[in-house]
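Below is one structure; the comments refer to it alone.
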Amino acid sequence: MKLRSTTPTRFGALLLASTLLVAGCADSGGKDDKDADKDAGSSMSKDEIWSAGVFGEESPGQPKAGGVLTVADYGEPRSLDPTVTIPNGAVGASAMAAIYDLLVRWDNEAGEYVPQLAESLSSEDDVTWTLKLRKGATFSDGTPVNAAAVMGSIGYYMQNQGFNVLILATNLKEMKPVDELTVDFVMNAPYASFPAMLATGPGMVLAPAAIKGGPKKFTPIGAGPFVFDSYKPSEELVLTRNDAYFGEKAHLDGLRFVWPSSDAARIDALKNGDVDQVSVRTPQIVEEARTDGVHGALSPVGLGNMIQINHREGRPGADLRIRQAMSLAIDPQAYLDRTADGHGIASRNIYSPSAPYYTEIETPETDLEAAKKLVAEAKADGVDTTVSYIGQSDQTSKTAAVTIEAMLEAVGLTVEVELLNNIADQTSRIYVTHDFDIAGGSISIPIDDPFSRFTSGVLGSSPANSFGYDNPEMNELIGRLQAATGEEATEILTRINELWQETLPSVPLSPGGFFFPWSDDVHGIVPASEFLLLYGGAWKS
């Protein structure tokens, strides 16, 4: 069933036509020869390794009931309230989706959003979107999943400022019940990718009893295939099967989430049989797992690895010449060679080669002499050429810091490195106090909804714009992207990519992604938007 019978979803037709893979994805610093780009011991090229989808699964036969699936997740959700914890798979939102379900989900194979808890979501004009709910669906406490409950849940998400709420709040003119099982969402202007909102946090429908006391008295009650059982901070989160689920009951008796400290620890736990499925994103671990033939799913992203630049007044990066010099000085392939043993795709293109809108564009080559001239010119004009770099204190981050320091100082910049003790401190420095000149990071542009990511992370007026970047043409392109579909959307995204290379909000290094490997006896896990996994159909043989 497709969500939109009147017009195709934004990238659906292009996704089918693109075959997901684009040759020659290493724009600069990478290898153009596909054969030369093969990973050692594998018949797959790097862009094939980093393509979207489920890998290694063969027809396992009929599902079997019973068992508990233990998941070594990437991040721990300290709260199951999607307005408190960002509803993203990197911080435990797969557990939230198991409890609350999603109204719709992204289907990688179909290249579109498909119904999940909803029966349908459709629009004739991208202004009024009509959501129809499934008859007979109930929350785990027995109350009905109806129009009033959906509106109450989304209202709670907006009132309590859940992730990406500004995009929803500025676009949504009104939501109104049509009947007991139907809601109309009326936009201020055409919004082609509105389904993406209902495939993430706002689409996690919270029971009225869950939210009646507000965030301080939140109770995790939803309509998903599992229910909350217990939570021990830093130890485990346990869910059990929801026998009142409206659809086919979950095959598993339950889910158990744990949080090892690193990708290496998670992979080791999988190999040792201590867990059934893990989440990793370190390039060398992703490629090693994939080339070993491990079963799993990959959610690729653009700008998975980049050097963030602070554009604010008084910072060296406010001068375009300094940003250009940084870009010309940093060799993405050399960076990956030193920090990831050469794994990953060295690319200045801001999109993943798996994206249906990916196009080859001209990107700058590493040029130390040109970079030196730009630094000298800026310095002669009184621009500060001493830049602070903040990073983490783990070994990989230390190697990254030393690598960037050496590349930038080779062209005349002075780099002061500061290694922080934890991610929370780095997040505060970048996103709250903006106390940095440059830093390692990512934007993680998903293949299904780049509009939301650009709006939150790049739009000049966004409070989540860590760069302080504000370019009128970029703002206008992002605004146009909201209503665009098909070829028009691809043309706009291509121009955004070109403008990125010209104005350099950051220095792109490589795409990336989350890989979710699982053991041979695990089946039926479904990847969705924002690195979420759905476990309703999962089972163990």
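When you line the sequence shown up against mature numbering (1 follows the signal peptide of the UniProt record, and there is no 0), it's residues -28 to -1, 1 to 513, in that order.
Backbone N, C-alpha and C define an ideal beta-carbon position, used for all residues, glycine too.
Quick check: S478 and I183, are their CB atoms within less than 8 Å of each other? Stepping through the sequence shown from its first residue, residue 478 is reached at position 506. Stepping through the sequence shown from its first residue, residue 183 is reached at position 211. Here S478 is not near I183, since their CB atoms are 8 Å or more apart.
**Message:** For a test of the three-state rule: what should DSSP assign to N447, helix, strand or coil?
**Reply:** Locating residue 447 in the sequence shown gives position 475, where the first residue counts as 1. Of the three classes helix, strand and coil, the one that applies to N447 here is helix, per DSSP.
Checklist entry - What residues in its chain sit with their C-beta under 7 Å from that of S15, if we drop five residues either side in the sequence? => result Position 43 of the sequence shown, counted from the first residue, corresponds to residue 15. Its pLDDT being 45, under 50, S15 is placed unreliably by the model, and the measurement read from it follows with that caveat. Same-chain partners within the cutoff: there are none.
Worksheet entry | Where A455 sits in the DSSP three-state scheme | As a position in the sequence shown, residue 455 is number 483, starting the count at 1. It is coil, neither helix nor strand.
Handout entry: F135 vs A179 beta-carbon contact at 8 Å
Key = Within the sequence shown, the letter at position 163 stands for residue 135. Within the sequence shown, the letter at position 207 stands for residue 179. No, the pair does not count as a contact, with Cβ atoms beyond the cut-off.
For this session: Along the alpha helix (DSSP H) that carries T427, what are the first and last residues, could you check?
Result: Mapped onto the sequence shown, residue 427 falls at position 455. Note, T427: alpha helix (DSSP H), P422 to G429.
Task: Closest by C-alpha distance to K189, when choosing among S51, P116 and D397 - done: Walking along the sequence shown from the start, residue 189 turns up at place 217. Of S51, P116 and D397, the residue nearest in Cα terms is S51.
- Task: Output the residue ranges of the beta strand (DSSP E) runs that lie fully inside the segment 158 to 211 and measure 3 residues or longer, sorted by chain position.
- Result: Secondary structure remark: continuous beta strand (DSSP E) runs of at least 3 residues inside the segment 158 to 211, in chain order: 198 to 204.
Using three-state DSSP, classify Q34 as helix, strand or coil.
Sequence index remark: in the sequence shown, residue 34 carries index 62 (1-based). Reduced to three states, the DSSP call for Q34 is coil.
Self-check item: Element boundaries [alpha helix (DSSP H), containing D79]
Solution: The sequence position of residue 79 within the sequence shown is 107, counting from 1. Run containing D79: none in the alpha helix (DSSP H); it sits in the beta strand (DSSP E), V76 to D79.
*Okay, do the segment 439 to 450 and the segment 280 to 287 touch, 3+ Cβ pairs below 8 Å being the bar?*
Note that the segment 439 to 450 touches the segment 280 to 287; at least 3 beta-carbon pairs, one per stretch, sit closer than 8 Å.
### Message
Please return the same chain residues whose Cβ sits closer than 7 Å to the Cβ of K370, not counting the five positions on each side in sequence.
### Response
Indexing the sequence shown from 1 puts residue 370 at position 398. L391.
- Task: In angstroms with no decimal places, state the Cα-to-Cα distance between L41 and A70.
- Result: The residue labelled residue 41 in the question sits at position 69 within the sequence shown. The residue labelled residue 70 in the question sits at position 98 within the sequence shown. Rounded to whole angstroms, L41 and A70 show a C-alpha spacing of 12 Å.
Worksheet item: Among V430, F423, Q473 and G496, which has the Cα closest to the Cα of T462?
Response: On the sequence shown, residue 462 is found 490 positions in, with the first residue counted as 1. Measuring from the Cα of T462, the nearest candidate turns out to be F423.
Checklist entry - Beta carbon of R262, beta carbon of V250: below 8 Å? => result Working through the sequence shown from its first residue, we reach residue 262 at position 290. Working through the sequence shown from its first residue, we reach residue 250 at position 278. Not in contact: R262 and V250 (Cβ atoms no closer than 8 Å).
What does the alpha-carbon distance come out to for the pair Y72 and S271? Working through the sequence shown from its first residue, we reach residue 72 at position 100. Working through the sequence shown from its first residue, we reach residue 271 at position 299. It is roughly 22 Å from the alpha-carbon of Y72 to the alpha-carbon of S271.
How is the beta strand (DSSP E) around T368 delimited, first residue to last?
-> Position 396 of the sequence shown, counting from 1, holds the residue named residue 368. Run containing T368: none in the beta strand (DSSP E); it sits in the alpha helix (DSSP H), Q367 to E381.
- Around the Cβ of I395, are there at least 16 other Cβ atoms within 10 angstroms (buried) or fewer (exposed)? Sequence index remark: in the sequence shown, residue 395 carries index 423 (1-based). Taking all protein chains shown into account, I395 has fewer than 16 neighbouring C-beta atoms within 10 Å of its C-beta and is therefore exposed.
From the DSSP output, in three-state form, read off Q131 for me.
-> Sequence index remark: in the sequence shown, residue 131 carries index 159 (1-based). Correct three-state label for Q131: helix.
Q. Nearest-angstrom Cα distance between W78 and V86?
A. Here residue 78 refers to the residue found at position 106 of the sequence shown. Here residue 86 refers to the residue found at position 114 of the sequence shown. W78 and V86 have their C-alpha atoms some 6 Å from each other.
With G412 and G363 assumed to form a contact (beta carbons below 8 Å), what rounded beta-carbon distance in angstroms separates them? Here residue 412 refers to the residue found at position 440 of the sequence shown. Here residue 363 refers to the residue found at position 391 of the sequence shown. Sure, about 5 Å apart at Cβ, within 8 Å.
key: Distance between S365 and V374 (C-alpha atoms, nearest Å)   = Here residue 374 refers to the residue found at position 402 when the sequence shown is read from its first residue. Here residue 365 refers to the residue found at position 393 when the sequence shown is read from its first residue. Take the alpha-carbon of V374 and the one of S365: they are about 12 Å apart.
| said: Between the segment 201 to 214 and the segment 225 to 234, can you find at least three pairs of beta-carbon atoms closer than 8 Å? | reply: Below 8 Å, enough C-beta pairs join the segment 225 to 234 and the segment 201 to 214 to call them touching: three or more.
Could you give the C-beta distance for S513 and K148, rounded to a whole number, given that I count them as a contact under 8 Å? Along the sequence shown, read from residue 1 onward, the residue named residue 513 stands at position 541. Along the sequence shown, read from residue 1 onward, the residue named residue 148 stands at position 176. Actually they are not in contact, since the Cβ atoms of S513 and K148 sit about 47 Å apart, beyond 8 Å.
In three-state DSSP terms, what is D5?
The residue given as residue 5 occupies position 33 in the sequence shown. With a pLDDT of 36 at D5, under the threshold of 50, the modelled position of that residue is not reliable, and the figure given next carries that caveat. The answer is coil: DSSP assigns D5 none of H, G, I, E or B.
Margin query: For I376, tell me which candidate among D397, H495 and N277 has the shortest Cα-Cα distance.
Written below: To locate residue 376, count along the sequence shown from 1; it is residue 404. Distances from the alpha-carbon of I376 to those of D397, H495 and N277 put N277 closest.
_For P187, count the other beta carbons within 10 Å of its own beta carbon; 16 or more makes it buried, fewer makes it exposed. Which is it?_
In the sequence shown, residue 187 corresponds to position 215, counting from 1. Exposed is the call here.
- prompt: Counting Cβ pairs, one atom from each stretch, are 3 or more of them under 8 Å apart for the segment 334 to 349 and the segment 293 to 310?
  reply: Contact between the segment 334 to 349 and the segment 293 to 310 is present, with at least three C-beta pairs closer than 8 Å.
- [ ] Look at A327 and I419 and say whether their C-beta atoms are less than 8 Å apart.
- [x] Along the sequence shown, read from residue 1 onward, the residue named residue 327 stands at position 355. Along the sequence shown, read from residue 1 onward, the residue named residue 419 stands at position 447. Result yes, Cβ atoms of A327 and I419 sit closer than 8 Å.
- Query: First and last residue of the alpha helix (DSSP H) that includes S299?
  - Reply: For the purposes of this step, residue 299 is taken as the residue at position 327 of the sequence shown. Segment L292 to A301, the alpha helix (DSSP H) holding S299.
- Message: Using 8 Å as the threshold, is the C-beta distance between A181 and T115 below it?
- Response: What you label residue 181 is simply residue 209 of the sequence shown in a count that begins at 1. What you label residue 115 is simply residue 143 of the sequence shown in a count that begins at 1. Contact: yes.
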